[in-house]
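Peer 1: I'd like to ask you about the structure that follows.
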Amino acid sequence: MGSRFDIRRQTGFTAIAMICFFALYLPIITVVVYAFNAGSSIAIWEGVSLRWFYQAWNNNQVVDASIRSLQIASVAATIATIVATMAALATTRTKPYPGLGFKYAFINQPLMVPEIVTAVALLIFFSRIKIWTGYSGLGYLMAAHTAFCIPFAYLPIRARLENMDLTLEVAAADLYATPWKAFRRVTFPLLWPGILAGLMLAFVISLDDVVITEFVKSGGQDTLPTYMLGQFRRVITPEINAISTVFLLISILIVTVFFFISRKKDQE
Amino acid sequence: MGTGSALKSGRKNGVIVPEQPGKSAIEVRGVRKVFGTGESQVAALDTVSVSIRENEFFTLLGPSGCGKTTLLRLIAGFDFPSAGEILLHGQDIAPLPPFKRPVNTVFQNYALFPHMTVAENIGFGLEMLGKPKAEVKARVAEMLKLVKMEALSGRRTSQISGGQQQRVALARALAPQPKVLLLDEPLSALDFKLRKEMQIELKRLQHETGITFIFVTHDQEEALTMSDRIAVMSSGRILQVGTPWDIYDKPAERFVADFIGETNFLTAAITGMANGKARATLKSGATIDATVAEGFQPKDNATVVVRPEHAKLTSGKGDLSGTVENIVYFGTDTHIHVRLDSSEAFTVRQQNTRSAGCGFERGDKVGISIGNDAAQVLRD
């Protein structure tokens, strides 16, 4: 009698929450801790050292793979965001019509089709083109990454557009702004946080991809994740931990920067 | 579209400035607007024609869904008519996009740009017209002064109150000196006191700027107090256009009489016409003189309307007789609801005095006398 049902007051709720919390973060903490291991094991602690960070930094393969990853992610995220912005504008600035739902599904296809299926399809598709054209550069990886980044860029941009007051664009037109000027002066500045969110999300997703990259890449085109995967097949040293730690830091940095940018925008 | 060459003269960005302003600022000719296709087709505007004069405070009044906002959007260029012409100082603007019309709008939700300051909002239209920076700055300062917002020019629009946002919206729409200002229920979001204030403010701005205002509202009191002329709309048609006095005292149709103020409807037999007035015999047998609505076709039976304050309650015999059903005190006046012997309902509004009551009680047998110039015969 008396007290109402409150999930926070249920017995064992705290314990369950703590278990979930540890299950999520304990492995990551372990990886970070052992990155500073002085010994060459990822499980036996032998003292604090930065040697694995130095080693990774001086490992040409790691540096090459990192640069390649950043190149692919930059190009793919940029193109995907531009395409996603145009797609979002086209699908929100129109009256609903039959087939619009199909278009949403079409744009979001990479979220629904299993990645491995896409990977195999691209492998076969690109291998043909490679034979015909003789080109075997990074273009294939960039194209593949662009394709699966589009929905990730599209979702936050569309969300932002759907929440935008359409009368603002009408008001701009009423005040003598041509459609292009209305977009540049009103729609785009208000859409900017959404575009930035889409760009960062796409960037992180591209940076992180293993499956499609593994299938599409030609020889000597390892990205950081596929390089790390390759290392696991040989010797595992805390160098992997060091790379992961840096990776983690970059991700946290991007998310934090975005958080502050979007918060500032919303306050205006 | 026929007027192409005439449209080229004038302001930058192709916005037209008429050489010789005619008498009417806006002339709507046979405009139809149909939404949807086939079976689900709905005529939001059914062949509307109206002429709006220069320097006029013109109100489109009607319930929601009557087509008043649709008409406003057609004049602004946010929608295009299915048929008909919209002339601005004699030139057809119906096919022009909104950014080529020297017409600005104050939106119901104000639609201020949230990423710009108050001053940037006000200057936006001028900037888009390609005016030099110094001119924009001067005009913005002038507008800020006009709406008494000088102190807040650097604020974001989210940091000011609803009433202040309203003023900024007005200043923004007035800054490019439009030929016509369109106002889409701009006061509906304000509380009662602020609304009263802004009504006076709007009248002042219209007077000071000399710009034609086209004001859309569903509030009949607002329409009566602010307008030079009113167009009463219902179901996509304009039923009557006239001064507030015309609309209130000489309603043309039942809808107009019913929508604006309170009124009494009586069935009467028209027995003759003399000096432009009709002789109407009421069910009680009394015969009264009544003015006749425009477009009235002589017929045997018609509806006569009498405003509650134009009838007088007497304890003796009057033009009508009945029993007092209810008495409602309103401070300035008292409404006395009478059930006539003909079983029709009739309300009399009586001015209150400080000392005495209204002089009648529920159940009293009363007479009602209708003054010489109190009745109007409707056309429908």
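Chains V and R, in that order, give the protein sequences. Throughout, the working numbering is defined as the position within the first sequence, counted from one, plus 695. Throughout, the working numbering is defined as the position within the second sequence, counted from one, plus 4. Every residue gets a Cβ at the ideal spot worked out from N, C-alpha and C, and that includes glycine. None of the values given here were measured: they were computed from a predicted structure.
Name the two residues that bound the continuous alpha helix (DSSP H) containing residue 822 of chain V.
Peer 2: In the first sequence, the residue the question calls residue 822 of chain V occupies position 127. 810-828 is the extent of the alpha helix (DSSP H) around residue 822 of chain V.
Peer 1: Just checking: is the beta-carbon of residue 872 of chain V within a distance shorter than 8 Å of some beta-carbon in chain R?
Peer 2: Start at 1 with the first residue of the first sequence, and residue 872 of chain V comes out as number 177. Judged by the 8 Å Cβ criterion, residue 872 of chain V is in contact with chain R.
Peer 1: Hey, how far is the Cα of residue 723 of chain V from the Cα of residue 737 of chain V?
Peer 2: As a first step, residue 723 of chain V is located in the first sequence; it is residue number 28 there, counting from the start. As a first step, residue 737 of chain V is located in the first sequence; it is residue number 42 there, counting from the start. Cα-Cα distance, rounded: 13 Å.
Peer 1: What does the Cβ neighbour count give for residue 25 of chain R, buried or exposed, with the cut at 16 atoms within 10 Å?
Peer 2: Position 21 of the second sequence holds residue 25 of chain R. Here the model assigns residue 25 of chain R a pLDDT of 42, short of 50, so the residue's position is not dependable, and the following value carries that caveat. Answer is exposed; the Cβ neighbour count stays below 16.
Peer 1: On the three-state DSSP scale, how would you describe residue 878 of chain V?
Peer 2: Locating residue 878 of chain V in the first sequence gives position 183, counting from the first residue. Residue state, collapsed to three classes: helix.
Peer 1: Write down the C-beta distance between residue 672 of chain V and residue 863 of chain V rounded to the nearest angstrom, noting that I regard them as a contact closer than 8 Å.
Peer 2: This structure does not reach residue 672 of chain V, given that chain V is present from 696 up to 963, and the question cannot be answered.
Peer 1: Applying the 10 Å Cβ sphere with the 16-neighbour rule, what's the burial state of residue 231 of chain R?
Peer 2: The residue labelled residue 231 of chain R in the question sits at position 227 within the second sequence. Classification of residue 231 of chain R: buried, given that the 10 Å Cβ count is 16 or more.
Peer 1: Scan the stretch 110-124 of chain R for residues whose Cβ lies nearer than 9 Å to a Cβ of chain V and list them as they occur along the chain.
Peer 2: 111, 112, 113, 114, 115, 116, 117, 118, 119 and 120
Peer 1: Under 8 Å between C-beta atoms, does residue 876 of chain V make it to chain R?
Peer 2: Position 181 of the first sequence, counted from the start, is the residue given in the question as residue 876 of chain V. For residue 876 of chain V, the answer is yes, since a Cβ of chain R falls inside 8 Å of its Cβ.
Peer 1: So is residue 129 of chain R in contact with chain V if we call contact Cβ pairs under 8 Å?
Peer 2: Locating residue 129 of chain R in the second sequence gives position 125, counting from the first residue. Answer yes: the Cβ-Cβ gap between residue 129 of chain R and chain V drops below 8 Å somewhere.
Peer 1: Determine the burial state of residue 929 of chain V: buried for a count of at least 16 other Cβ atoms within 10 Å of its Cβ, exposed for fewer.
Peer 2: Counting from 1 along the first sequence, the entry for residue 929 of chain V is found at position 234. Under this definition residue 929 of chain V is an exposed residue.
Peer 1: DSSP three-state label for residue 332 of chain R, please.
Peer 2: Reading the second sequence from its first residue, position 328 is the one you call residue 332 of chain R. DSSP places residue 332 of chain R in strand when its eight states are reduced to three.
Peer 1: Only counting the same chain, and skipping five residues up and downstream in sequence, which positions put a Cβ closer than 6 Å to that of residue 72 of chain R?
Peer 2: To locate residue 72 of chain R, count along the second sequence from 1; it is residue 68. Closer than 6 Å at the Cβ level, and outside the excluded window around residue 72 of chain R, lie 64, 66, 220 and 237.
Peer 1: For the stretch 879-890 of chain V, which residues have a beta carbon sitting closer than 8 Å to at least one beta carbon of chain R?
Peer 2: 880, 881, 884 and 885
Peer 1: Given residue 52 of chain R, which residues of its chain have a CB within under 7 Å of its CB, disregarding the five upstream and five downstream residues?
Peer 2: Walking along the second sequence from the start, residue 52 of chain R turns up at place 48. Contacts found: 32, 35, 75, 241 and 242.
Peer 1: What are the residues that DSSP puts in a beta bridge with residue 371 of chain R?
Peer 2: Translated into positions along the second sequence, residue 371 of chain R becomes position 367. BP columns for residue 371 of chain R point to R:318 and R:325.
Peer 1: Which residues in the same chain as residue 159 of chain R place their Cβ atom closer than 6 Å to its Cβ, once the five residues preceding and following it in sequence are excluded?
Peer 2: To locate residue 159 of chain R, count along the second sequence from 1; it is residue 155. The answer, listed in chain order, is 122.
Peer 1: Have a look at R:190, R:208, R:179 and R:165 and flag the residue whose alpha-carbon is nearest the alpha-carbon of residue 223 of chain R.
Peer 2: Along the second sequence, read from residue 1 onward, the residue named residue 223 of chain R stands at position 219. Answer by Cα proximity: R:190.
Peer 1: Does residue 20 of chain R pass the burial test, meaning 16 or more other C-beta atoms within 10 Å, or should it be called exposed?
Peer 2: The residue labelled residue 20 of chain R in the question sits at position 16 within the second sequence. Confidence in residue 20 of chain R is poor, its pLDDT being 43 and thus under 50, which makes the residue's placement too unreliable to answer from.
Peer 1: So, are the CB atoms of residue 348 of chain R and residue 312 of chain R less than 8 Å apart?
Peer 2: As a first step, residue 348 of chain R is located in the second sequence; it is residue number 344 there, counting from the start. As a first step, residue 312 of chain R is located in the second sequence; it is residue number 308 there, counting from the start. Contact flag unset, no.
Peer 1: Contact defined as beta carbons within less than 8 Å: I believe residue 290 of chain R pairs with residue 282 of chain R. What is the distance between those atoms, to the nearest angstrom?
Peer 2: Residue mapping note: residue 290 of chain R aligns to position 286 of the second sequence, counting from 1. Residue mapping note: residue 282 of chain R aligns to position 278 of the second sequence, counting from 1. The Cβ separation is near 14 Å, so there is no contact.
Peer 1: Judging by CA-CA distance, which residue of R:179, R:176, R:269 and R:195 is the nearest neighbour of residue 315 of chain R?
Peer 2: The residue labelled residue 315 of chain R in the question sits at position 311 within the second sequence. Comparing Cα-Cα distances from residue 315 of chain R to each of R:179, R:176, R:269 and R:195, the minimum goes to R:269.
Peer 1: Out of R:359, R:45 and R:321, which one is the CA nearest neighbour of residue 335 of chain R?
Peer 2: Start at 1 with the first residue of the second sequence, and residue 335 of chain R comes out as number 331. The candidate whose alpha carbon is nearest that of residue 335 of chain R is R:359.
Peer 1: Between which residues of its own chain and residue 368 of chain R is the CB-CB distance below 8 Å, once the five residues before and five after are set aside?
Peer 2: Position 364 of the second sequence holds residue 368 of chain R. Result list for residue 368 of chain R: 319, 327 and 328, in chain order.
Peer 1: What separation, rounded to the nearest whole angstrom, lies between the Cα atoms of residue 178 of chain R and residue 185 of chain R?
Peer 2: Taking the second sequence and counting its residues from 1, one reaches residue 178 of chain R at position 174. Taking the second sequence and counting its residues from 1, one reaches residue 185 of chain R at position 181. Those two C-alpha atoms are separated by around 7 Å.
Peer 1: Can you tell me where the alpha helix (DSSP H) with residue 135 of chain R in it begins and where it stops?
Peer 2: Counted from its first residue, the second sequence places residue 135 of chain R at position 131. For residue 135 of chain R, no alpha helix (DSSP H) encloses it, and the DSSP letter there is neither H nor E.
Peer 1: For residue 862 of chain V, report the span of its alpha helix (DSSP H) as first-last.
Peer 2: Here residue 862 of chain V is taken as the residue at index 167 of the first sequence, counted from 1. Taken as a continuous stretch (DSSP letters only), the alpha helix (DSSP H) holding residue 862 of chain V covers 861-869.
Peer 1: Do you know offhand how far residue 877 of chain V's Cα is from residue 144 of chain R's?
Peer 2: For this step, residue 877 of chain V is matched to residue 182 along the first sequence. For this step, residue 144 of chain R is matched to residue 140 along the second sequence. If I take the Cα positions, the gap works out to 20 Å.
Peer 1: Under the rule that 16 or more other beta-carbon atoms within 10 Å means buried, what is residue 92 of chain R, buried or exposed?
Peer 2: Here residue 92 of chain R refers to the residue found at position 88 of the second sequence. Counting Cβ neighbours within 10 Å, residue 92 of chain R comes out buried, since at least 16 surround it.
Peer 1: Consult DSSP for residue 183 of chain R and reduce its assignment to one of helix, strand or coil.
Peer 2: Locating residue 183 of chain R in the second sequence gives position 179, where the first residue counts as 1. If DSSP states are grouped into helix, strand and coil, residue 183 of chain R belongs with coil.
Peer 1: Let me check understanding here. Comparing Cα to Cα, which of V:913, V:925, V:804 and V:849 lies closest to residue 888 of chain V?
Peer 2: Here residue 888 of chain V is taken as the residue at index 193 of the first sequence, counted from 1. Of the listed residues, the one whose Cα sits closest to residue 888 of chain V is V:849.
Peer 1: Could you pull the start and end residues of the beta strand (DSSP E) that residue 45 of chain R belongs to?
Peer 2: Mapped onto the second sequence, residue 45 of chain R falls at position 41. Segment: none, residue 45 of chain R is in no beta strand (DSSP E) and carries neither H nor E.
Peer 1: Where does residue 2 of chain R sit, in a helix, a strand or coil, going by DSSP?
Peer 2: With chain R covering only 5 through 384, there is no way to say anything about residue 2 of chain R.
Peer 1: If the cut-off is 8 Å on Cβ atoms, which residues from the stretch 184-214 of chain R count as contacting chain V, listed in chain order?
Peer 2: none
Peer 1: Have a look at R:274, R:107 and R:383 and flag the residue whose alpha-carbon is nearest the alpha-carbon of residue 304 of chain R.
Peer 2: Counting from one through the second sequence, the residue named residue 304 of chain R turns up at place 300. With distances taken between Cα atoms, residue 304 of chain R lies closest to R:274.
Peer 1: Mark residue 853 of chain V as exposed unless 16 or more other C-beta atoms lie within 10 angstroms of its C-beta, in which case mark it buried.
Peer 2: As a first step, residue 853 of chain V is located in the first sequence; it is residue number 158 there, counting from the start. Answer is buried; the Cβ neighbour count reaches 16.
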